[in-house]
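First comes the structure, then the notes that go with it.
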Amino acid sequence: MDLTVTIDLPYLWGDQIFKKDKWGTVNFLVGPNGTGKTLFAEKLKTICQAHGMKPRYLNAERLTGLERRTYHGFSHSQMERGLDIGQFPSYKSWGMDYGLSADAFVILKERIDVRIRIEAVLSQLFGRRIRLVEEGGFLKPKLQHISHGDEYELKEKECHGLKELVTLLTFLYDDEYNCLIIDEPELHLHPQFQTFLLQEIRRIAGDPLVDPTHNKKCFFLITHSPYFVDIRTVEDLKHCIVFHPQRPASYIDQLEAEDEWKIKRFLSRLNANQKQFLFSSHPIFVEGYTDQQIFTLIQEKRGRLLGASGSCIIDVGGKDEMDLFFRLCRKLDIEAAFIADLDTLFNGRLRQSTSYDCRSRDYLQNEGVGVDLMSRIGEMEKAIDECLRGVGVELLKPDVAVSESFPQFCEAFHRIQEARDEDKRPKLRYAFLLALRFISQEIKRLTPTEAERIDFIIGRFGKILEAFRRCGVYLLSRGTLESYLSGYAGNIYLPPGETKKSEAYERERDYLLTVELSEEQFRHRYGELLDILDEASRPVRVDPTLHLSYAIGDWIYKVQSAFARGEVRDKDSLQRNAAIEWSLYSRIMDILEFSLTSEGFECRMRLKVLVDPEEREFRFTNATLPADYRLEPTGTVMA
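Adding 88 to a residue's 1-based position in the sequence shown gives its number in my numbering.
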């Protein structure tokens with residue numbers, strides 16, 4: 089659909105501008121809260137009007153006037169008695185201007201063609217019949233249960249979901265509008281009825297400027313529901329507009345033939361969990377569900393609030409899919425992170441995609457080692473192969489002392505060599521690189537002639553890991569997640585067997601769900617994995633210590649002032665003094681002791697568990713500076 093849309097939102101985007109000329113008949117506007125989707129929609133309505141369309145905008149508060157009841161002191165609705173029949177034109181005008189939907193019932197009263205379709209939906213899907221009753225000059229929509237005949241007013245006794253469906257479907261079926269811009273069409277609808285609504289939208293969707301007949305409409309749907317984003321084809325994906333904090337929305341314009349082919353095959357497997365990347369300002373992709381579960385639990389138990397930072401951890405089912413999401417996020421300008429096993433260095437396309445990324449190229453150039461990451465990986469692979477020739481000779485000797493020194497590596501080396509594998513090199517390289525990670529000194533002692541080459545591999549490996557990291561790709565330097573789990577009994581130098589992997593995962597999950605660990609204990613258990621998770625997820629920590637300090641500082645000043653006026657001399661007089669407001673502050677702390685001293689007074693307090701799980705104690709005197717007062721930091725993080 090040809091529609092030139094140029095929109096600026098200086099409040100959010102500064103002097104940057106969004107522009108798009110080609111649109112679908114169904115367009116999804118997605119992204120985190122506060123990124124400008126609603127402001128964008130309001131401007132989009134004006135642009136559509138300028139292009140000769142008849143748009144109707146429905147905002148997220150569209151049921152205003154149709155609430156179950158109004159509450160004294162909070163709101164008052166002129167529609168409490170129903171829709172004033174003499175105000176029908178005004179209801180339509182107000183609905184257009186404000187994005188409200190109550191005038192749907194005016195349409196149902198005036199348009200029998202639309203009403204017949206709504207009646208069919210209500211009776212066949214919900215077992216209800218609608219009546220538009222006129223009482224004293226007011227129109228009152230009423231519903232009746234077909235099965236047992238009870239009738240009731242829609243406004244007061246019907247659920248929000250049915251009100252949403254009735255009003256939205258009315259505008260879908262009404263041919264007065266050929267463009268609908270709907271903010272959060274999924275509101276109040278459970279997933280199955282979201283699917284039904286979307287099916288109806290797709291059935292009616294078309295280009296109204298090319299085909300003005302048959303009630304064809306174009307749609308712009310602002311949604312926060314991964315169930316509602318129905319991306320079936322590459323064209324659907326191109327009409328998915330992703331909004332970002334503090335910069336214009338992005339979309340995919342052109343795709344390389346290879347990417348288009350891969351995406352086309354992949355879209356049929358795209359599930360609701362994976363669609364979260366369209367809504368997150370910082371999605372984190374991992375290879376499998378075990379990684380997703382363990383990583384999420386670790387961060388949750390440490391008090392790292394992933395959702396508050398706009399992050400979510402998404403399992404994608406393998407390296408090929410991870411590469412595809414990497415490329416998609418680059419196209420959509422989504423700041424994503426990827427946590428992958430170490431064998432990514434030797435297998436799959438993600439290493440190639442990372443090599444093409446300007447961030448890795450800039451880093452390598454600044455380090456003075458060229459610009460092409462794949463070439464650097466190739467140099468490291470060559471050095472590993474040369475080292476393996478010397479090390480392999482030693483490992484294949486029937487030397488008991490070597491086997492006793494590093495039995496797991498020896499076992500892995502022999503098993504890989506004996507396996508009927510056409511290309512053993514990636515597995516041998518992986519095992520050897522891990523050996524240099526854990527037992528480099530032992531390997532050097534075994535083959536001292538390779539010491540210089542080993543140092544080269546270790547140094548190059550560090551730069552390669554950093555080049556990946558600059559692209560948001562974090563490789564687990566210990567190989568796989570299992571290597572970080574204390575309950576894993578497999579050989580860390582080999583791909584883990586599914587049974588042992590599953591057992592280790594279940595034990596670790598149960599452990600995390602049943603124990604409370606300090607940050608120091610987490611560090612001891614998981615080591616560098618925590619640094620990877622923190623950098624990848626950019627977690628938010630909420631610690632009320634500073635704000636508690638401000639509140640306590642204000643209260644200290646009140647106590648000091650009352651003491652200086654001679655109004656406070658003991659604990660009892662402190663609690664009774666109105667200026668001190670003890671009834672307010674007693675919610676957050678207890679007075680343990682108030683005593684007079686030769687210089688003035690000393691007061692000992694304890695915070696309540698409501699605001700401080702550690703129930704810290706603190707002291708202050710008449711000489712304490714309230715403006716500078718600060719509590720000692722706590723290790724506890726509160727949400």
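Think of the CB as a built atom: it goes at the ideal place given N, C-alpha and C, for glycine as much as any other residue.
Keep in mind that this is a model prediction, so the values were computed, not measured.
Let me check one thing: in DSSP terms, what residues is residue i bridge-paired to?
{"i": "C691", "result": "F682 and F708"}
{"i": "I105", "result": "D96"}
{"i": "H502", "result": "Beta-bridge pairing links H502 to no other residue."}
{"i": "P371", "result": "C400"}
{"i": "Q232", "result": "R217 and E239"}
{"i": "K305", "result": "A293"}
{"i": "L227", "result": "L171 and E222"}
{"i": "I310", "result": "L117 and D271"}
{"i": "V330", "result": "V118 and S338"}
{"i": "K262", "result": "What sits at residue 262 in the sequence shown is Asp, not Lys. According to DSSP, which records beta bridges pairwise, D262 is partnered with nothing at all."}
{"i": "H90", "result": "Rather than His, the amino acid found at residue 90 in this sequence is Asp. D90 pairs with K110."}
Can you tell me whether residue i is helix, strand or coil according to DSSP?
{"i": "N665", "result": "coil"}
{"i": "S493", "result": "helix"}
{"i": "Y339", "result": "coil"}
{"i": "A523", "result": "helix"}
{"i": "K245", "result": "helix"}
{"i": "T384", "result": "helix"}
{"i": "A592", "result": "helix"}
{"i": "I270", "result": "strand"}
{"i": "I427", "result": "strand"}
{"i": "C400", "result": "strand"}
{"i": "I218", "result": "strand"}
{"i": "R144", "result": "strand"}
{"i": "F434", "result": "coil"}
{"i": "Y581", "result": "coil"}
{"i": "Y638", "result": "helix"}
{"i": "N115", "result": "strand"}
{"i": "K110", "result": "strand"}
{"i": "E608", "result": "helix"}
{"i": "M677", "result": "strand"}
{"i": "T724", "result": "Summary for T724: the model assigns pLDDT 40, below 50, so the residue's position carries little reliability; its value from the coordinates is reported in the next sentence. Coil at T724, not helix or strand."}
{"i": "D658", "result": "coil"}
{"i": "D473", "result": "helix"}
{"i": "V194", "result": "helix"}
{"i": "L563", "result": "strand"}
{"i": "D421", "result": "coil"}
{"i": "D460", "result": "coil"}
In its own chain, which residues sit with a C-beta less than 7 Å from the C-beta of residue i, not counting the 5 before and 5 after it?
{"i": "A148", "result": "D271, E272 and L275"}
{"i": "G723", "result": "Because G723 carries a pLDDT of 44, less than 50, the predicted location of this residue cannot be relied on, and no value is offered for it."}
{"i": "M677", "result": "M693, R694, L695 and K696"}
{"i": "I728", "result": "Nothing can be reported for residue 728: it is not among the residues displayed for the chain, which extend from 89 to 727."}
{"i": "V209", "result": "L257"}
{"i": "K350", "result": "L412"}
{"i": "G102", "result": "none"}
{"i": "A727", "result": "Because A727 sits at a pLDDT of 29, beneath the cut-off of 50, its placement in the model cannot be relied upon, and the following sentence gives the value as read from the coordinates. Cβ within range, chain order: L393 and V630."}
Closest by CA to residue i, which one among the options?
{"i": "L309", "options": "K197, H233 and F128", "result": "F128"}
{"i": "S211", "options": "E198, G187 and V254", "result": "V254"}
{"i": "M693", "options": "Q496, L719, G405 and Y581", "result": "L719"}
{"i": "T283", "options": "A360, C417 and E455", "result": "A360"}
{"i": "R704", "options": "N710, Y179 and T633", "result": "T633"}
{"i": "P701", "options": "A666, I644 and D631", "result": "D631"}
{"i": "S443", "options": "I465, D429 and T92", "result": "I465"}
{"i": "M468", "options": "N115, F434 and K352", "result": "F434"}
{"i": "A577", "options": "E596, S565, A652 and L171", "result": "E596"}
{"i": "A667", "options": "Q287, L684, W643 and S686", "result": "W643"}
{"i": "F354", "options": "L325, Q529 and D201", "result": "L325"}
{"i": "V202", "options": "E455, Y265, A592 and Y145", "result": "Y265"}
{"i": "G398", "options": "R626, L662, R533 and E690", "result": "R626"}
By Cβ distance, which residues of its chain are closer than 8 Å to residue i, with the 5 residues on each side in sequence left out?
{"i": "L476", "result": "L516, R517 and F520"}
For residue i, which residues from the same chain have a beta carbon less than 6 Å from its beta carbon, with the 5 sequence-adjacent residues on both sides left out?
{"i": "G478", "result": "T535 and E538"}
{"i": "P98", "result": "none"}
{"i": "F501", "result": "L483"}
{"i": "D431", "result": "Y518"}
Could one say the Cβ of residue i lies closer than 8 Å to chain B's Cβ atoms, at least one of them?
{"i": "H635", "result": "In the structure shown, chain B cannot be found, because there is only a single protein chain."}
Can we count residue i as close to the ligand FAD, meaning its CB is less than 7 Å from some heavy atom?
{"i": "S574", "result": "This structure lacks the ligand FAD, and indeed carries no ligand of any kind."}
> Counting Cβ pairs, one atom from each stretch, are 3 or more of them under 8 Å apart for the region 179-187 and the region 230-249?
Replying inline: no
> Taking contact to mean at least 3 C-beta pairs separated by less than 8 Å, is the region 317-324 in contact with the region 382-398?
Replying inline: no
>> Pairs of beta-carbons, one from the region 554-563 and one from the region 443-453, closer than 8 Å: are there three or more?
In response: yes
> So does the region 431-443 actually touch the region 556-573, counting three or more Cβ pairs closer than 8 Å?
Replying inline: yes
>> Any contact between the region 367-379 and the region 344-355? By contact I mean 3 or more CB pairs, one from each, below 8 Å.
In response: no
> Just checking, does the region 635-650 make contact with the region 420-427 on the three C-beta pairs under 8 Å criterion?
Replying inline: no
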